[in-house]
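Since the structure comes first, as structure tokens, the remarks are kept for the end.
Protein chains in written order, with the UniProt record's numbering: chain A, 1 to 328; chain B, 1 to 331.
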């Protein structure tokens, strides 16, 4: 047992990327805390972390997937990286399930692959062979991977599939919803400039977020921010889509109630941006509140649903009254 | 990597979110004085005497190899012996253990800690509701990716096999494709020139009734001796002091690890050395393949690194390098 390298100082990452999948937990009712812990127990020896303030949120331990492949790059540069992609699942209020797969990468790495143990003591870090063109990889990552390149999305997807296979889920969801994909890439903000965020809504449920963050921001904290963004974007999308399909002016009261009822029962109470964000990242939400105004839009949607339900209750009462008067 | 719940600078904190990591005491070396199948015990006291007589000089050599330590301190070395009560139970502890201890004593060796192999497979009886150690380690396997792995692969937990490289691609059966159907060899990742490919079976049977393989339990045993396993932050396989004159008639009545020498150096150690019969070489090769792909809790690794550094006893970063073996002649 010689005096060799001891446990390493983690190299400071110059890039963190990830993908979040957000969906309704495939079950009739929201699950309670115990069921949430059962669902997210990805490791026998590590507890699911449960938080009750300001809302109920359960977070699985991180699980790792080893990769050794090329990274996507915007300029076609060939960059090989080796290491582990971290993945975790989050369940909010027992109702919305998210899985995130993410990694960080340092500016450079050894010239060849090292023994696997070297990477295992750096969980969630992809170490490039040689130098990392961080800007090109960030851009390439957001644009999507080609075959033979790193596929973080399939890591997130397989975690989601693993949880969704659980026996306690009945797949009888109260409303049909689409899942969304949010892909993010974060690089340190240039010296002297403020953190920034660019949120893009693309085709087929794909959202991309490009971030410039204070140096030293933990990749897990960035993942937390992006889970928060993805959750609220999913809520806006889902509720917006539901209202879009309904003819509110119609006389078919039952049909309208069938759409609005589940939204009230299952989704309206979930809006809570920045519930547990690191303070340094919380400010980034302000930009989104300014344009396009996430909470403004949500308030308008929620108000519309409540108004409709109130109006319908009134109408129903008057109809009942009319019917009684006619019967006399 | 503790994740999504913020911890710094927040005025409100929930302790349910972050269990603390227990620390365990460390010897410098955990010395294993051999391993026997149940059948070997059936061969009687002479077989045991031969075993320990063959182990003795090598155990002495291993002890001598640890020192000298900085400041002239004496190294802390504990000895242990693992009894296989998992794959077969031909005799009771009361029948099996006393002759074993006597044979060791005869050869001038003391067994400080006696462990049961079932302890690596079943939940700790002292902690109801705890996870079986083997299952915990299974969940901690992170496969070493052969070059070209992009993240799209079935997890080891479902296949039950773990390799040190890339398997031979499965062959097509269609006759029309015969021309292109050339055999491709498996390969060892990071092989030196030529491959020594190994595919390790970790368990067999369905999920609710698994039989763990000897190689996998031996891997758990190494990690336990290295003090690197926790269950929700708590220590596992904590030795229980035991009277060497009173062994029960039932293996399950015996704690998974018992301390037989009062005042012995701690069971858990910075490094391990196992003196084993050569027939265990393939098993221990498999152990190295497994240990190379177990992701341990960063908190636990940090703890060991800090403690050993404070003692000026530097450790290799890789867990595999903390284990060593002697396969003596005649064992």
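We put the CB at the ideal spot given by N, CA and C, even for glycine.
Fair warning: this is a prediction, and the values are worked out from it, not measured in the lab.
If you check the CB distance, residue 293 of chain B and residue 123 of chain A do not come in under 8 Å. Between residue 63 of chain B and residue 256 of chain B, the C-beta spacing is not below 8 Å.
Between residue 45 of chain A and residue 118 of chain B, the C-beta spacing is not below 8 Å. Here the C-alpha atom of residue 138 of chain A lies approximately 19 Å from the C-alpha atom of residue 229 of chain A.
In this structure, DSSP gives residue 212 of chain B an extended state, which the three-state scheme calls strand. With a beta-carbon spacing of about 17 Å, residue 261 of chain B and residue 60 of chain B fall beyond the 8 Å limit used to define contacts. With a contact defined as Cβ atoms closer than 8 Å, residue 235 of chain A and residue 271 of chain A qualify at about 6 Å.
In summary, the residues of the stretch 98-130 of chain A whose CB is separated from some CB of chain B by less than 8 Å are 101, 113, 115, 116, 117, 118, 120, 121, 123 and 124, in the order they occur in the chain. Under the Cβ criterion of 8 Å, residue 135 of chain B is counted among the residues facing chain A. Taking a cut-off of 8 Å on C-beta distances, the stretch 47-60 of chain A does not touch the stretch 109-126 of chain A, as fewer than three cross pairs fall below it.
Taking the C-beta atoms as reference points, residue 163 of chain A is found nearer than 8 Å to residue 89 of chain A. By alpha-carbon distance to residue 243 of chain A, the top candidate from A/309, A/231, A/319 and A/42 is A/309. In terms of Cβ geometry, residue 133 of chain A and residue 79 of chain A form a close pair [threshold 8 Å]. Residues of chain A whose Cβ lies closer than 8 Å to the Cβ of residue 71 of chain B do not exist; the shortest such Cβ separation is about 16 Å. Any Cβ of chain A closer than 8 Å to the Cβ of residue 150 of chain B would place that residue at the interface, and such an atom is present. Sorting B/85, B/114 and B/102 by C-alpha distance to the C-alpha of residue 121 of chain B places B/85 at the top. Closest by C-alpha distance to residue 161 of chain B, out of B/205, B/227, B/130 and B/40, is B/205. Residue 43 of chain A reaches chain B at 136, 139 and 140, counting residues in chain order whose Cβ is nearer than 8 Å. Contact of residue 100 of chain B with chain A is not assigned, every C-beta pair being separated by 8 Å or more. Listed by position along chain A, the residues whose Cβ is nearer than 7 Å to that of residue 319 of chain B are 117.
If you draw a straight line from the Cα of residue 39 of chain A to the Cα of residue 266 of chain A, it comes to about 19 Å. Remark: C-beta atoms of residue 181 of chain A and residue 324 of chain A do not approach each other more closely than 8 Å.
If you compare the alpha carbons of B/51, B/201 and B/123 with that of residue 108 of chain B, the shortest gap goes to B/51. Residues of chain A whose Cβ lies closer than 8 Å to the Cβ of residue 146 of chain B are, in chain order, 68. In the three-state reduction of the DSSP assignment, residue 99 of chain B falls in the helix class, which pools H, G and I. In this structure, the straight-line span from the alpha carbon of residue 240 of chain B to that of residue 93 of chain B is close to 16 Å. A contact between stretches requires three or more CB pairs, one per stretch, nearer than 8 Å, and the stretch 271-280 of chain A meets this requirement with the stretch 212-228 of chain A.
In chain order, 129 and 130 place their CB closer than 7 Å to the CB of residue 111 of chain A, counting only its own chain and leaving out the 5 sequence neighbours on each side.
It is roughly 16 Å from the alpha-carbon of residue 314 of chain B to the alpha-carbon of residue 228 of chain B. Nearest Cα to residue 291 of chain A within the set A/156, A/200, A/94 and A/29: A/200. In this chain, residue 313 of chain B is not harboured by any alpha helix (DSSP H), its DSSP state being neither H nor E. Residues of chain A whose Cβ lies closer than 9 Å to the Cβ of residue 125 of chain B do not exist; the shortest such Cβ separation is about 16 Å. Against chain B, the CB of residue 154 of chain A has a partner CB under 8 Å away; the residue lies at that interface. According to the DSSP assignment, residue 77 of chain B belongs to the beta strand (DSSP E) that extends over 77-83.
Partner residues in a beta bridge of residue 163 of chain A, as assigned by DSSP, do not exist.
DSSP places residue 118 of chain B in the helix class (H, G or I) of the three-state scheme.
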